[in-house]
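Heads up, the sequence shown is in this note's numbering, so the first residue is 30 and it goes up one at a time.
Ideal Cβ placement from N, Cα and C applies to all residues, glycine included.
In this text the structure is predicted, and so the values were computed from the model without any measurement.
Inspection log for the structure reproduced underneath, given as structure tokens.
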Amino acid sequence: MNADQLAKPTIIAVVGASASGKTLFAQTIYDELLPELGEQGISIIKEDSYYRAQDDLPMEERIRTNYDHPNAFEHELLHQHLSDLTAGKAIECPTYCYKTHTRTAETVTINPTKIILIEGIMLLTNEQLRSSFDIKVYMDTPLDICLIRRIKRDTQERGRSIDSITNQYLETVRPMYYQFIEPAKAHADIVITRGGKNRMAIEVLKAKIRQLTYNNN
């Protein structure tokens, strides 16, 4: 598919602290609109997929990486991929393994779509990326709620101990939130409370996406 066959997509960024509900919010919108809009209508990208490859580092050093700093992400590749999608080109999105703390050998093909949802913690900290987003959504969830969710998620899904989670939270997650993520809220167009299960917010954004989709047809 080339640029002549596809209008410029609408790129919607969903950002917020780790475990703020942004993944659930974005995924819910994607899952509920996919049957209606189809695979050429909507796609979803995770910023976590663009954590830098660390194959050249021993596991001890990978564990010590500050994953809550903008430099942990290959934002230049993400920006290039968004540019490619906007130009009507498919991309090969990296995949990241939380247990090995590096990328896998596999990639996922993402084709150009009318709506691109992208979710992550540091998306609004990068000026070049911000300029790519048409709608910027910020999940404003209290940090204590985020921590409880993070503990549940990382112990159940990522094989981590409670000690490692709480140590990382105190050493990097919390301070990096106040240094980078919370200040970036000023760039948001929409601020959402009550996390990823806020049905009113989900329905409002779905209605906006429908409006954008059908107006571009």
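Where the alpha helix (DSSP H) through residue i begins and ends
i	result
residue 112	104-115
residue 233	228-244
residue 83	Neither: residue 83 is in no alpha helix (DSSP H) and is coded neither H nor E.
residue 57	51-66
residue 200	No alpha helix (DSSP H) contains residue 200, which DSSP labels as neither H nor E.
residue 158	156-159
C-alpha gap between residue i and residue j, whole angstroms
i	j	result
residue 165	residue 225	15 Å
residue 158	residue 108	6 Å
residue 189	residue 244	46 Å
residue 126	residue 41	25 Å
residue 156	residue 104	10 Å
residue 138	residue 206	31 Å
residue 130	residue 213	26 Å
residue 242	residue 43	18 Å
residue 142	residue 235	16 Å
residue 153	residue 216	7 Å
residue 240	residue 191	44 Å
residue 136	residue 122	5 Å
residue 67	residue 229	23 Å
residue 55	residue 233	13 Å
residue 163	residue 147	11 Å
residue 85	residue 223	40 Å
residue 208	residue 196	18 Å
residue 89	residue 82	15 Å
residue 259	residue 218	There is no way to answer for residue 259, as the model of the chain reaches only from 30 to 246.
residue 185	residue 177	12 Å
residue 149	residue 182	16 Å
residue 69	residue 227	26 Å
N-terminal and C-terminal residue of the beta strand (DSSP E) that residue i is part of
i	result
residue 146	144-149
residue 75	71-75
residue 219	219-221
Strand pairing of residue i, partner residues [DSSP]
i	result
residue 190	Residue 190 is not bridged to any residue.
residue 123	136
residue 42	147 and 165
residue 195	Paired residue(s): none; residue 195 is not in a bridge.
residue 131	126
Contacting residues, own chain, Cβ-Cβ under 6 Å from residue i (five flanking each side not counted)
i	result
residue 297	As displayed, the chain neither begins before 30 nor continues past 246, which places residue 297 out of reach and without an answer.
residue 140	119
residue 237	none
residue 72	139, 142 and 145
residue 133	124 and 126
Contacts around residue i, its chain only, beta-carbon distance under 8 Å, and the 5 residues preceding and following it disregarded
i	result
residue 187	127 and 128
residue 161	40, 108, 111, 112 and 115
residue 179	47, 48, 194, 198 and 202
residue 53	224, 225 and 226
Same chain only: Cβ atoms within 7 Å of residue i, ignoring 5 sequence neighbours per side
i	result
residue 57	225 and 231
residue 38	114, 115, 141, 142, 143, 144 and 145
residue 92	130
residue 106	79
Any chain C beta carbon closer than 9 Å to residue i
i	result
residue 64	The structure shown contains no chain C; it holds only a single protein chain.
Check: residue i C-beta below 8 Å from any heavy atom of the ligand FMN
i	result
residue 131	The model depicted lacks the ligand FMN and carries no ligand whatsoever.
Inset, instruction - Determine, using beta-carbon pairs with one atom in the stretch 171-181 and one in the stretch 84-104, whether at least three such pairs fall under 8 Å. - result: Because the criterion of three Cβ pairs below 8 Å is not met, the stretch 171-181 and the stretch 84-104 do not touch.
Legend entry - the stretch 58-68 in contact with the stretch 109-124 per 3-pair CB rule at 8 Å: No contact exists between the stretch 58-68 and the stretch 109-124.
Legend entry - Inter-stretch contact at 8 Å, needing at least 3 Cβ pairs: the stretch 196-212 / the stretch 74-81: Under the 8 Å Cβ criterion, the stretch 196-212 does not count as touching the stretch 74-81, having fewer than three qualifying pairs.
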